[in-house]
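In the UniProt record's numbering, the protein residues as written are 1 to 157.
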């Protein structure tokens, strides 16, 4: 997914920016201090503190690179976007599974904001891909591990 367009709310973008700033200013400095301390302990080949600090440094640099890539390739999606005729990123939809009576409510979000416990569904998951562009009353299907699923869009908010 490297280099693909990522969709974020302004709040999520700001959260990622804050994390990036913290990693670059505070965490990098902390790990540099840990490395200096560990180097002072002597032989680096069997120095657990040194190897732990190097691993932490690598993790921090990986996270910084990931955050920079996400932010560089992101599009901000407004929370206050007007209700639309078609499902798009930022839409809240109510769907019903074919043959079922239970309706489910989802908000379609970018993959960085996915949280099924909060009803935030990724635009890249099979259901998210299948529902994009549909309008209220449309039926659609997608492949899942349980087989082909058929749903109907009830409302779009």
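We put the beta carbon where it would ideally sit given N, CA and C, even for glycine.
For residue 59, the uninterrupted alpha helix (DSSP H) segment begins and ends at 48-72. Contact between residue 77 and residue 156 does not hold, since the beta-carbon distance rounds to 15 angstroms and is not under 8 angstroms. Counted as a single uninterrupted DSSP element, the alpha helix (DSSP H) harbouring residue 131 occupies residues 126-131.
Residue 103 sits in a strand when the DSSP states are folded into three classes. Take residue 87, set aside five residues on each side of it, and the residues of its chain with a beta-carbon closer than 7 angstroms to its own are 93, 108, 131, 132, 133, 134, 153 and 156, in chain order. Nearest neighbour of residue 120 by Cα position, chosen from 127, 112 and 106, turns out to be 106. Fewer than three pairs of CB atoms, one per stretch, sit closer than 8 angstroms, so the stretch 140-152 makes no contact with the stretch 43-62. Look at residue 114 here: in three-state DSSP terms it is coil, with no helix or strand label. Below 8 angstroms, enough C-beta pairs join the stretch 29-38 and the stretch 47-54 to call them touching: three or more. Residue range 6-9 is occupied by the beta strand (DSSP E) that includes residue 8, with no alpha helix (DSSP H) assigned at that position.
Rounded to the nearest whole angstrom, the CA to CA distance from residue 126 to residue 104 is 16 angstroms. When C-alpha distances from residue 59 are compared across 85, 75, 20 and 90, the shortest belongs to 20. Annotation: the continuous beta strand (DSSP E) that includes residue 96 extends over 92-97.
Residue 144 is positioned such that its CB atom lies no closer than 7 angstroms to that of residue 124.
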